[in-house]
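Inspection log for the structure reproduced underneath, given as structure tokens.
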Amino acid sequence: GLNWHLHPATPHLFLEIFFSTSTDDDELMTEINETASYLLELAVCDIYFIPKKPSLIARAAILVAMDIVARPLRLNAMMENLLVNDNCSMVEKCSVRLQQIYTLMIKQDTAQEIIPESDGSITSVLSVVS
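For the sequence shown, my numbering assigns the number 29 to the initial residue and increments by one for each residue that follows.
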């Protein structure tokens with residue numbers, strides 16, 4: 029046999045590809061990458077993202093991470109092209125949703141509250157976002 033190892037494309041894979049194309053290897057890009065990765069972890073808990081393309085979710089996470097980091101960004105043309113091509117409205121909708129989830133989590137962490145899970149799932153916690 030060919031001994032292939034086939035894995036489905038995930039948002040994290042697209043994030044890795046995106047940042048591997050970056051020529052900038054500084055703290056800013058590292059911070060954006062880590063923040064986007066955290067946002068993708070939050071997205072796993074929201075049913076809203078299930079039918080969305082992994083590449084679209086990754087692009088939305090990068091855009092929200094850039095907004096959260098809130099520093100002047102030095103993006104080369106290839107990176108800008110990866111972020112702004114097709115499905116702009118869907119990327120925007122996913123970005124808004126990720127920002128809402130992030131804000132909810134920050135508020136929860138700031139208040140140091142633990143939201144009890146009524147049915148044992150995180151979906152009930154994140155349903156406040158919708």
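Built from N, CA and C at the ideal position, the CB exists for glycine as well.
- In terms of Cβ geometry, Leu67 and Val92 form a close pair [threshold 7 Å].
- Assigned with DSSP and collapsed to three states, Cys122 falls in helix.
- In terms of Cβ geometry, Leu84 and Val124 do not form a close pair [threshold 7 Å].
- Taking 7 Å as the cut-off, the beta carbon of Pro82 is found no closer than this to the beta carbon of Thr49.
- In this chain, the alpha helix (DSSP H) harbouring Asn61 covers Glu55 to Ala71.
- Judged by DSSP in its simplified three-state form, Pro36 adopts coil rather than helix or strand.
- In summary, Leu43 is buried, with 16 or more beta-carbon neighbours lying within 10 Å of its beta-carbon over all protein chains present.
- Here Ile78 carries a coil assignment [DSSP, helix/strand/coil].
- Leu132 carries a helical assignment under DSSP once its states are collapsed to helix, strand and coil.
- In the three-state DSSP reduction, Ser117 falls in the helix class (H, G or I).
- By the 16-neighbour rule on beta-carbons within 10 angstroms, Cys122 is buried.
- For Tyr76, the closest C-alpha among the options Asp95, Asn31, Ile129 and Ser117 is that of Ile129.
- Between Ala89 and Ala64, the CB-CB gap stays under 7 Å.
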